[in-house]
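Some notes on the structure that comes next.
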């Protein structure tokens, strides 16, 4: 059955900002903005759009996001807009991440319609999605953003309650120590001091973690999954009494060409890897200090925060690098050939944008 949740929307237009050369620049949010120059871009974004309409589709089975954006829209869009977007969403390097895996809709639009801009307009199935009864209220009320009342945490809470009402037992706080296959094709799931049997497993844990749990019979699958890496990210929440920001917006992104000593409130990716390589101690004090420095430098927020929350999420954002689709294909072929009762789910496989909805 359906799980009932209340949604909420925001109809006010909140622009996304880019921080380039020490200043914040609002990205165009209407057609008029695309027809005139807007910093940090040197010419109207109409011209990169025209370039997309006239650029032939790529011939390679995969491409980095940077190369894809540069080929279709030019170097400025690639190095400023797409680079910033990849840092903000994936905490990753646009010169390493895969366009086919990170943005499959863009990849398919080019392959099918030879254009990113024409894809949503001409694509089959778009009309049915836009006509869905579940999104008619947001469209009618002109939502720009959507969420769930009470926060996104209400979704897993509702799923848990839904399962419990049907007599399903949900085990929490019991990490899986290993998986083994029995002759009849069933799983034995080791939980440390105990174990349980399963007809089928749906795994949503990181691919690298699952690779260490699989039995010897699944060594080829474990090897493919072990190559899917992830980066760590720290989220810092600052609360300042009576503070007023000089700019209002959904948030702002920073390209990798900017000084990474001054970071946004989501700290991670290659920056954390660099600190770890230098032997730095990743303490809450360090992250709070960097976040306060970023707030002062980028937003003019010089007041000391009244409250600060720091959360370090280790290896939390998978990196779908160039050729990621081949790893998935290899894993899928093994599962089918061996008839393993295992389903792979989560951000490690079909990309973050498949779960960030």
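In full-length UniProt numbering, the protein residues as written are 1 to 357. Beta carbons: idealized from backbone N, C-alpha and C, even for Gly.
From which residue to which residue does the beta strand (DSSP E) around residue i run?
{"i": "residue 25", "result": "23 to 26"}
{"i": "residue 176", "result": "Premise fails: residue 176 is in no beta strand (DSSP E) and is neither H nor E."}
{"i": "residue 188", "result": "187 to 190"}
{"i": "residue 318", "result": "307 to 318"}
{"i": "residue 368", "result": "Nothing about residue 368 can be read from this structure; the chain reaches only from 1 to 357."}
{"i": "residue 343", "result": "342 to 344"}
Expressed to the nearest angstrom, what Euclidean distance is found between the alpha-carbon atoms of residue i and residue j?
{"i": "residue 337", "j": "residue 181", "result": "16 Å"}
{"i": "residue 310", "j": "residue 112", "result": "44 Å"}
{"i": "residue 38", "j": "residue 235", "result": "30 Å"}
{"i": "residue 366", "j": "residue 315", "result": "Residue 366 lies beyond the range of the chain shown here (1 to 357); nothing can be said about it."}
{"i": "residue 291", "j": "residue 196", "result": "44 Å"}
{"i": "residue 209", "j": "residue 320", "result": "16 Å"}
{"i": "residue 160", "j": "residue 172", "result": "11 Å"}
{"i": "residue 45", "j": "residue 176", "result": "50 Å"}
{"i": "residue 276", "j": "residue 298", "result": "25 Å"}
{"i": "residue 332", "j": "residue 221", "result": "9 Å"}
{"i": "residue 169", "j": "residue 206", "result": "23 Å"}
{"i": "residue 156", "j": "residue 163", "result": "11 Å"}
{"i": "residue 283", "j": "residue 230", "result": "20 Å"}
{"i": "residue 57", "j": "residue 121", "result": "17 Å"}
{"i": "residue 341", "j": "residue 199", "result": "7 Å"}
{"i": "residue 25", "j": "residue 62", "result": "32 Å"}
{"i": "residue 35", "j": "residue 22", "result": "25 Å"}
{"i": "residue 60", "j": "residue 51", "result": "19 Å"}
{"i": "residue 73", "j": "residue 308", "result": "40 Å"}
{"i": "residue 302", "j": "residue 285", "result": "17 Å"}
{"i": "residue 55", "j": "residue 107", "result": "14 Å"}
{"i": "residue 194", "j": "residue 174", "result": "10 Å"}
{"i": "residue 71", "j": "residue 228", "result": "27 Å"}
{"i": "residue 85", "j": "residue 42", "result": "19 Å"}
{"i": "residue 217", "j": "residue 68", "result": "39 Å"}
{"i": "residue 339", "j": "residue 347", "result": "23 Å"}
{"i": "residue 335", "j": "residue 89", "result": "30 Å"}
Give every residue of the same chain whose Cβ lies closer than 8 Å to the Cβ of residue i, excluding the five residues on either side of it in the sequence, and list them in chain order.
{"i": "residue 179", "result": "187, 188, 189, 190, 201, 213, 214, 215"}
{"i": "residue 287", "result": "234, 236, 267, 310, 312"}
{"i": "residue 118", "result": "53, 109"}
{"i": "residue 125", "result": "Here residue 125 scores only 47 on pLDDT, less than 50, and its place in the model is too uncertain to base an answer on."}
{"i": "residue 239", "result": "305, 306, 307, 308"}
Return the chain-ordered list of same chain residues with a C-beta closer than 6 Å to the C-beta of residue i, the five sequence neighbours on each side being excluded.
{"i": "residue 104", "result": "none"}
{"i": "residue 345", "result": "202, 204"}
{"i": "residue 377", "result": "This structure does not reach residue 377, given that the chain is present from 1 up to 357, and the question cannot be answered."}
{"i": "residue 184", "result": "none"}
{"i": "residue 365", "result": "The question about residue 365 has no answer here: the residues shown for the chain are numbered 1 through 357."}
{"i": "residue 83", "result": "94, 255, 256"}
{"i": "residue 245", "result": "299"}
What would DSSP say about residue i, mapped onto helix, strand or coil?
{"i": "residue 297", "result": "helix"}
{"i": "residue 20", "result": "strand"}
{"i": "residue 198", "result": "strand"}
{"i": "residue 252", "result": "strand"}
{"i": "residue 45", "result": "coil"}
{"i": "residue 227", "result": "coil"}
{"i": "residue 154", "result": "helix"}
{"i": "residue 55", "result": "coil"}
{"i": "residue 29", "result": "coil"}
{"i": "residue 203", "result": "strand"}
{"i": "residue 327", "result": "helix"}
{"i": "residue 161", "result": "helix"}
{"i": "residue 285", "result": "helix"}
{"i": "residue 77", "result": "helix"}
{"i": "residue 184", "result": "coil"}
{"i": "residue 290", "result": "helix"}
{"i": "residue 69", "result": "helix"}
{"i": "residue 303", "result": "coil"}
{"i": "residue 258", "result": "coil"}
Please list the terminal residues of the continuous alpha helix (DSSP H) segment that includes residue i.
{"i": "residue 239", "result": "Residue 239 -> not in any alpha helix (DSSP H); beta strand (DSSP E) instead, spanning 230 to 239."}
{"i": "residue 207", "result": "207 to 213"}
{"i": "residue 119", "result": "119 to 122"}
{"i": "residue 104", "result": "104 to 113"}
{"i": "residue 83", "result": "83 to 90"}
Which residue or residues does DSSP assign as beta-bridge partners of residue i?
{"i": "residue 98", "result": "64"}
{"i": "residue 321", "result": "97"}
Would you say the beta carbon of residue i comes nearer than 7 Å to a heavy atom of the ligand ZN?
{"i": "residue 209", "result": "The ligand ZN is absent from the structure shown, which contains no ligand whatsoever."}
Which residues in the same chain as residue i place their Cβ atom closer than 7 Å to its Cβ, once the five residues preceding and following it in sequence are excluded?
{"i": "residue 328", "result": "349"}
{"i": "residue 95", "result": "64, 66"}
{"i": "residue 79", "result": "255, 257"}
{"i": "residue 226", "result": "208, 211"}
Is there at least one Cβ from chain C nearer than 8 Å to residue i's Cβ?
{"i": "residue 327", "result": "Absent here is chain C; the protein component of the structure consists of one chain."}
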